[in-house]
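The sequence shown begins at 25 in our numbering and counts up one residue at a time.
Here is the structure we will look at.
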Amino acid sequence: MRIIASIQYLRGLAASAVVVHHAAARYDLPFHAGAAGVDMFFVISGFIMWLVTRKDEANAATFLKDRLVRIVPMYWFATAVLAIAAALRPNLFPLDHPLPWHMIQSLLFVPHYVPETGQALPLLAQGWTLNYEMFFYTLFGLVLLSSATRQLWSITAALAACVTVGLFVKPSDFLLHTYTSPLLLEFLAGIWLAHAWTKDRWPSAALGWVSLCVGAVALLFVELAGAPAEGSFRVVLWGVPAFLIVSGTVTIERGGQLPRSAVLHLLGNGSYSIYLTHTLSMTLIALIVEKLGFSPGPWIYLLTIAGGLLIGTLCFLWVERPFTAFIRNVTRARGFRRTAAVS
């Protein structure tokens, strides 16, 4: 599949928004809308998964293997770094519930309820989104077992059924509550957007600009109004604007009006590493600032954001990209040997 530049840019923007949000939270600044970057990631994920599996050779086993290679190594690496850092400097990296079972569930993408926070969070807190991603990938992989003509409606029915069940699930049942969350509808929105992308007819770039602006203004309005984007309200208050931003941006590209940006392209490539490492980076930056005796100020907030993006990007270039390439080469070599053995 050819690289869709707008999706790369959106991934970079989504990761940057989350970094800005968490940096603001660290310094008690009001910027909650940055968390909508997660909702953008969910829409983008549905969009990409549908497009990459439209190839004739796409199958469930290959799809799930590729997803595991893409997601697991870096997540385990970041979780291990956090666990080691917490063991060495617990005052800097306090864990809400550092029990062995919590660690195991985190690595297996199983939601773990933390009584101290009242939330289901893994050791690496931002990894909660990956619990949703892996559940979505599992459902999507199962749907790939059906015929190509039935896959769109099969995944639609599966995700809709999960959300419907969620209407009758008590919030205290955290495991089912995760797997039946309305957030799953954001993946579905991305899938239908990708399905529309494969068709010949597409709205004009002008409509794309309108969609992008409406989505951005909607997020700004929600932020200024102080509306609580929690639970089911999140899908409406953040999910809908996120979808408008994603659909608007890809429409602008399809209409040939997308400005090119090497910086956003690089941030898009490094978005996963940025997302996984930015909270660790922020703690490291705060420690350095404290050791150097700098006084607090707006520049430290900006430094924290820049540092989170820079360290995450370097982690992509020096760790994620070579490590993922190595694992892919190993798995492909093994697959080749198995094929040769049965030929």
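Cβ atoms here follow ideal geometry from the backbone N, Cα and C, with glycine treated the same way.
If you measure between the beta carbons of residue 169 and residue 84, is that distance less than 8 Å? Stepping through the sequence shown from its first residue, residue 169 is reached at position 145. Stepping through the sequence shown from its first residue, residue 84 is reached at position 60. Cβ distance < 8 Å, so residue 169 and residue 84 count as in contact.
I think residue 99 touches residue 151, with their Cβ atoms under 8 Å apart; what is that distance to the nearest whole Å? As a first step, residue 99 must be located in the sequence shown, where it is residue number 75. As a first step, residue 151 must be located in the sequence shown, where it is residue number 127. That belief holds up - the Cβ atoms of residue 99 and residue 151 are roughly 6 Å apart, short of 8 Å.
I need the straight-line Cα distance from residue 42 to residue 331, nearest angstrom please. The residue you call residue 42 lines up with position 18 of the sequence shown. The residue you call residue 331 lines up with position 307 of the sequence shown. Roughly 14 Å separates the two Cα atoms.
Per the contact definition of three or more C-beta pairs closer than 8 Å, is the region 312–328 in contact with the region 61–75? Not touching, per the Cβ criterion.
Could you give the C-beta distance for residue 288 and residue 36, rounded to a whole number, given that I count them as a contact under 8 Å? Here residue 288 refers to the residue found at position 264 of the sequence shown. Here residue 36 refers to the residue found at position 12 of the sequence shown. Their Cβ separation, rounded to whole angstroms, is 5 Å, which keeps residue 288 and residue 36 in contact under 8 Å.
If you draw a straight line from the alpha carbon of residue 264 to that of residue 206, how long is it in whole angstroms? Walking along the sequence shown from the start, residue 264 turns up at place 240. Walking along the sequence shown from the start, residue 206 turns up at place 182. Their Cα atoms are separated by approximately 12 Å.
Let's test the definition: count the other Cβ atoms within 10 Å of the Cβ of residue 336 and tell me whether it reaches 16, buried, or not, exposed. Here the question's residue 336 lines up with position 312 in the sequence shown. The residue is buried, with at least 16 neighbouring Cβ atoms inside 10 Å.
Nearest-angstrom Cα distance between residue 145 and residue 191? Sequence index remark: in the sequence shown, residue 145 carries index 121 (1-based). Sequence index remark: in the sequence shown, residue 191 carries index 167 (1-based). So the two alpha carbons sit approximately 22 Å from each other.
What do you get for residue 69, buried or exposed, if any count of 16 or more other CB atoms within 10 angstroms of its CB means buried? The residue given as residue 69 occupies position 45 in the sequence shown. Counting Cβ neighbours within 10 Å, residue 69 comes out buried, since at least 16 surround it.
Rounded to a whole number of angstroms, what is the C-alpha to C-alpha distance between residue 53 and residue 325? Along the sequence shown, one-based indexing puts residue 53 at 29. Along the sequence shown, one-based indexing puts residue 325 at 301. Cα to Cα, the separation comes out at about 9 Å.
Report the CB separation of residue 242 from residue 268 in whole angstroms; it is logged as a contact under 8 Å. The residue given as residue 242 occupies position 218 in the sequence shown. The residue given as residue 268 occupies position 244 in the sequence shown. The C-beta distance from residue 242 to residue 268 rounds to 7 Å, short enough to meet the 8 Å contact threshold.
Tell me the rounded alpha-carbon separation between residue 219 and residue 96. One-based indexing of the sequence shown puts residue 219 at position 195. One-based indexing of the sequence shown puts residue 96 at position 72. Looking at the two C-alpha atoms, the distance is approximately 27 Å.
From 212, 255 and 134, residue whose alpha carbon lies closest to that of residue 178: The residue you call residue 178 lines up with position 154 of the sequence shown. The shortest C-alpha separation from residue 178 is found at 212.
Can you tell which of 230, 307, 94 and 78 has its C-alpha closest to the C-alpha of residue 115? Here residue 115 refers to the residue found at position 91 when the sequence shown is read from its first residue. Looking at the Cα atoms, 307 is the closest of the given residues.
What does residue 137 pair with, by DSSP beta-bridge criteria? Numbered from its first residue, the sequence shown carries residue 137 at position 113. According to DSSP, residue 137 bridges with 144.
Given that a residue counts as buried once 16 or more other Cβ atoms are within 10 Å of its Cβ, and exposed if not, what is residue 271? Here the question's residue 271 lines up with position 247 in the sequence shown. So residue 271 ends up on the buried side.
Grab me the residues of residue 39's own chain with a C-beta within less than 6 Å of its C-beta, minus the 5 sequence neighbours each way, in chain order. Counted from its first residue, the sequence shown places residue 39 at position 15. Excluding positions up to five away in sequence, the list reads 295, 298 and 299.
Ignoring anything shorter than 3 residues, give me the beta strand (DSSP E) runs that lie fully in the region 157–242, in order along the chain. Here no run is fully enclosed.
Give the straight-line distance between the Cα atoms of residue 176 and residue 354, rounded to the nearest whole angstrom. Within the sequence shown, the letter at position 152 stands for residue 176. Within the sequence shown, the letter at position 330 stands for residue 354. Rounded to the nearest angstrom, the two C-alpha atoms are 32 Å apart.
Any idea what DSSP makes of residue 52, helix, strand or coil? Locating residue 52 in the sequence shown gives position 28, counting from the first residue. It is coil, neither helix nor strand.
Are residue 163 and residue 182 close, meaning C-beta to C-beta below 8 Å? The sequence position of residue 163 within the sequence shown is 139, counting from 1. The sequence position of residue 182 within the sequence shown is 158, counting from 1. In contact: residue 163 and residue 182 (Cβ atoms closer than 8 Å).
Among the residues of its own chain, which have a CB less than 6 Å from the CB of residue 51, if the five just before and after it don't count? Position 27 of the sequence shown, counted from the first residue, corresponds to residue 51. So the list reads 325, once near-sequence residues are dropped.
Closest Cα partner of residue 157 within the set 247, 71 and 174: As a first step, residue 157 is located in the sequence shown; it is residue number 133 there, counting from the start. That would be 71, whose Cα lies nearest to the Cα of residue 157.
Would you identify the three-state DSSP class for residue 297, choosing helix, strand or coil? Here the question's residue 297 lines up with position 273 in the sequence shown. Correct three-state label for residue 297: helix.
Since residue 124 is in the alpha helix (DSSP H), which residue starts that stretch and which ends it? On the sequence shown, position 100 is the one that residue 124 refers to. Taken as a continuous stretch (DSSP letters only), the alpha helix (DSSP H) holding residue 124 covers 124–131.
Range of the contiguous alpha helix (DSSP H) that encloses residue 259: Within the sequence shown, numbered from 1, the residue matching residue 259 stands at position 235. Note, residue 259: premise wrong, no alpha helix (DSSP H); not H, not E.
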